[in-house]
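Worksheet: the structure to be examined is printed underneath.
Protein chains in written order, with my numbering: chain A, 117 to 429; chain B, 658 to 1173.
Below you can see the structure in the form of structure tokens.
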């Protein structure tokens, strides 16, 4: 089985010219028991405008900021009602103008449990409710003090999410998923900073929690999933980037993002799925106006069947 | 299954209870000097020349006079109805005005240390002291501006406190809590004479200086100064007339330093530090004429060089001739093999600096939006000053010495930078990317190194037992600029040595000022 996996993973990495945004913790889909879905997702995103506080601007010393993200994803069905999901990205950030160095490295590990609380047939339609709990924490000691180049914010997060999914018989679905993220404080490599009007004499930085939600509307039919979505992220505190200042790790980072997702389960081999998505930040605060494209291959293994089943593919 | 549910529910319940608030303040204890330095009224003045003739303080009312007894009654009345806010104000100022104002000053520098944003047409407008609320706001508290600001505030406080000590021990009027045992001492007691009040002196002199340096923060400054005077009264430390005399004395000292047309603050050359487009062009032309590659701004749009005439601003303990005489020798020619070697080393750090080296870069970066390298050295000094259990006037001396040396380091370093007008590593090799913001002024010598050399020298003089620590800090701060690919090694080494030399001039003053 291991031997069979390798070429596919390689293919997934090589397909880096296709793109999107990995969202598997906030949709209405579950892996059946003893199914393991795994793969790599590649995301390219860029922006040349950002919000300095609420002021939208460009910056000729950044030009176009770009980010490459290769993320490992694994999703295992412990039971039909409980999935465990793990994600870990490698990120490389750079800009095409100015003198500031780009940064790269392995970012945070996210591990989540997704549990189906309700599954109710309403006529020919189906309502499902899920609860998701995730924890994420840095896998490497990357610097958080050189935004926007830093590959992450360095905080260890706990997140609780609800998902309400309503699916029509014809395959149409609508999905609503609110989430609250507790963000642990972070430490800088310096003992002084100034943010939100206050001078601090410590290396500890208070990270405010986040509230986010997403709404997804789509159709799943004959192995093809197509979806339009909207993501809203609000940070529940934190200072703005001041005029002509650098961003800071605890800034109030808000974003409203619209996106499109296409997922296609290839007819042969039947355990292979192709995922594509794209998104665009339509409004924000202390964030870049990112345009992202993501593509990836996901491969599903069924552990209860004999190895020969996989080999058939 | 049930277990999983319980875990999820427990996590949900635990979230809101997790407490993440962090303390913003330095850990400072209430002022409790071992020695009040009764003789400080005879220590050498810096800007003033004679405490007796230049500033006058009227003879106070006797402690048994009705006027004074009425004052004591007003303190008792205030103490009988103190709110928790007022008690917090007392606690805030109980660490001593010198330390507290130094901390406030660092905050103001960080708040105002932002470069003007470019206009849509690619031009830059300079902050205007005459129109401070306009965009860009005044000031841009960059390192030279900050060094000068720290020095003026510290020197003005030091001179004002020496004058206060002169009168305190002339009149010897005790603090209210020592006159009347029914007045509570809400701060640690001392036998320091209360007239004129040192807290009021500091509130007056500091607020006047800060209002000129950070005019748009006037409301905050005025409130803090009033708080400090109130705290002195509410705590039983000073009577209304102690405070009134102190406030007048503090303002008078600031008035001498900032007198329009004649005060040192107005005539030290800062007004010309920005220079003119003709000057900026001539710096470039002169460098080309020497056969060298001139510095150019790597910002886009190109930004005028930062304060090219700051090297001509008056120093505290060095003459203009001494500033020139101590200028480091020329860096290697930009076309030389030696410079290529230096450049290769920078590039190797740009590409291969370790995580530990990156941490050092950010520890000492002190760039835009921070209190600057001079502020960092004040931050370091504050800890040692706070632990020394010195009198307020000796604390003021420590910051005055440190900040005179830091200002002189800024003058000496800027004189050097614009004399040689040497390009940054990223200019000679655009593939070199930096690990923190690249400052918009010439490379040779490193400002961080010069500041650090001067500060470590003065702090080693003040706290000899900790000399090794200060020198280690200085070396690390200096090398951080090489690790960050902002400077060549020669900039750092020459800057550090230059700073040490500059610091020795202030130490020369300190040895002879009568305080040792």
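All residues carry an ideal CB built from backbone N, CA and C; glycine is no exception.
Keep in mind the model is a prediction, meaning the values are calculated, not measured.
Problem - Segments of 3+ residues assigned as beta strand (DSSP E) that fall wholly inside the segment 142-218 of chain A - result: 151-163, 166-168, 171-173, 181-193 and 198-211
Handout entry: Closest by C-alpha distance to residue 157(A), when choosing among 142(A), 410(A) and 354(A)
Key = When C-alpha distances from residue 157(A) are compared across 142(A), 410(A) and 354(A), the shortest belongs to 410(A).
Practice task
Using three-state DSSP, classify residue 970(B) as helix, strand or coil.
Solution key: coil
Handout entry: As assigned by DSSP and simplified to three states, the class of residue 1012(B)
Key = helix
Exercise for the section: Check whether the segment 1013-1021 of chain B touches the segment 1088-1099 of chain B, counting contact only when three or more Cβ pairs, one atom from each stretch, lie closer than 8 angstroms. Expected result: yes
Handout entry: residue 278(A) - DSSP class collapsed to helix/strand/coil
Key = strand
Handout entry: Counted within 10 angstroms of its Cβ, other Cβ atoms place residue 1026(B) as buried (16 or more) or exposed
Key = buried
Exercise for the section: Please name the residue, chosen from 691(B), 676(B), 838(B) and 780(B), that lies closest to residue 1044(B) on a Cα-to-Cα basis. Expected result: Closest in C-alpha terms to residue 1044(B), from the list 691(B), 676(B), 838(B) and 780(B), comes 691(B).
Exercise for the section: For chain B, find out if any of its Cβ atoms is closer than 8 angstroms to the Cβ of residue 361(A); answer yes or no. Expected result: yes
Exercise for the section: For the alpha helix (DSSP H) containing residue 1154(B), list its first residue and its last residue. Expected result: 1146-1168
Handout entry: Strand pairing of residue 710(B), partner residues [DSSP]
Key = Note: residue 710(B) sits in no beta bridge, so no partner.
Problem - Burial state of residue 1006(B) (16 or more Cβ within 10 Å) - result: By the beta-carbon neighbour count (other beta carbons within 10 angstroms, threshold 16), residue 1006(B) is buried.
Problem - chain A contact for residue 956(B) (CB, 8 angstroms cutoff) - result: Interface residue, yes.
Exercise for the section: Tell me, please, whether the CB atom of residue 231(A) is closer than 8 angstroms to any CB atom in chain B? Expected result: yes
Handout entry: Nearest-angstrom beta carbon gap, residue 1059(B) and residue 1110(B) [assumed within contact, 8 angstroms]
Key = About 13 angstroms; that fails the 8 angstroms criterion.
Handout entry: C-alpha gap between residue 353(A) and residue 367(A), whole angstroms
Key = 8 angstroms
Practice task
Apply the 10 Å Cβ neighbour rule to residue 338(A) and answer buried if 16 or more other Cβ atoms are within range, or exposed otherwise.
Solution key: exposed
Practice task
Classify residue 303(A) as helix, strand or coil using the three-state DSSP reduction.
Solution key: strand
Problem - 6 angstroms Cβ shell around residue 139(A) - same chain, five flanking residues per side excluded - result: Because the pLDDT of residue 139(A) is 38, which lies under 50, any placement of that residue in the model is unreliable, and the question is left without a value.
Practice task
Determine, using beta carbons only, whether residue 262(A) comes closer than 8 angstroms to chain B.
Solution key: yes
Practice task
May I ask whether a heavy atom of the ligand NAP can be found less than 7 angstroms away from the beta carbon of residue 294(A)?
Solution key: Absence of the ligand NAP from the depicted structure is noted, as is the absence of any ligand whatsoever, leaving it without description.
Problem - Distance CB(residue 1066(B))-CB(residue 1029(B)) smaller than 8 angstroms - result: no
Practice task
State whether the segment 1096-1107 of chain B contacts the segment 1071-1078 of chain B, with contact taken as three or more CB pairs (one from each stretch) at a distance under 8 angstroms.
Solution key: Enough Cβ pairs lie closer than 8 angstroms, so yes.
Handout entry: 6 angstroms Cβ shell around residue 941(B) - same chain, five flanking residues per side excluded
Key = 951
Exercise for the section: Could you tell me whether any Cβ in chain A is nearer than 8 angstroms to the Cβ of residue 1126(B)? Expected result: Cβ-Cβ to chain A under 8 angstroms: no for residue 1126(B).
Problem - Within 8 angstroms, strictly: CB atoms of residue 371(A) and residue 379(A) - result: no
Handout entry: Interface flag, residue 213(A) vs chain B, CB-CB below 8 angstroms
Key = yes
Exercise for the section: Count the CB pairs spanning the segment 740-750 of chain B and the segment 905-920 of chain B that are closer than 8 angstroms, and state whether there are at least three. Expected result: no
Exercise for the section: Have a look at residue 348(A) and residue 170(A) and give me their C-alpha separation to the nearest angstrom. Expected result: Taking the straight line from one Cα to the other gives about 16 angstroms.
Handout entry: Endpoints, alpha helix (DSSP H) assigned at residue 314(A)
Key = Not the alpha helix (DSSP H): residue 314(A) falls in the beta strand (DSSP E), residues 314-316.
Exercise for the section: Go through its chain and collect everything with a Cβ distance to residue 709(B)'s Cβ below 8 angstroms, but skip five positions before and after it. Expected result: Excluding the 5 residues flanking it on each side, residue 709(B) has same chain C-beta neighbours closer than 8 angstroms at 823, in chain order.
Handout entry: Classification of residue 785(B) by the beta-carbon crowding that lies within 10 angstroms, buried from 16 upward
Key = Exposed is the call here.
Handout entry: Alpha-carbon spacing of residue 137(A) relative to residue 377(A), whole angstroms
Key = Because residue 137(A) carries a pLDDT of 29, less than 50, the predicted location of this residue cannot be relied on, and the following value inherits that uncertainty. Those two C-alpha atoms are separated by around 8 angstroms.
Handout entry: Segment limits, alpha helix (DSSP H) that includes residue 343(A)
Key = Counting along the chain, residue 343(A) sits inside no alpha helix (DSSP H); it lies in the beta strand (DSSP E) bounded by residues 340-351.
Practice task
Kindly confirm or deny that the segment 751-769 of chain B and the segment 992-1002 of chain B touch, where touching means at least three C-beta pairs closer than 8 angstroms.
Solution key: no
Exercise for the section: Under 7 angstroms between beta-carbons, which chain B residues line up against residue 332(A)? List them in chain order, please. Expected result: By Cβ distance, chain B contributes nothing, its closest Cβ being about 22 angstroms from residue 332(A), past 7 angstroms.
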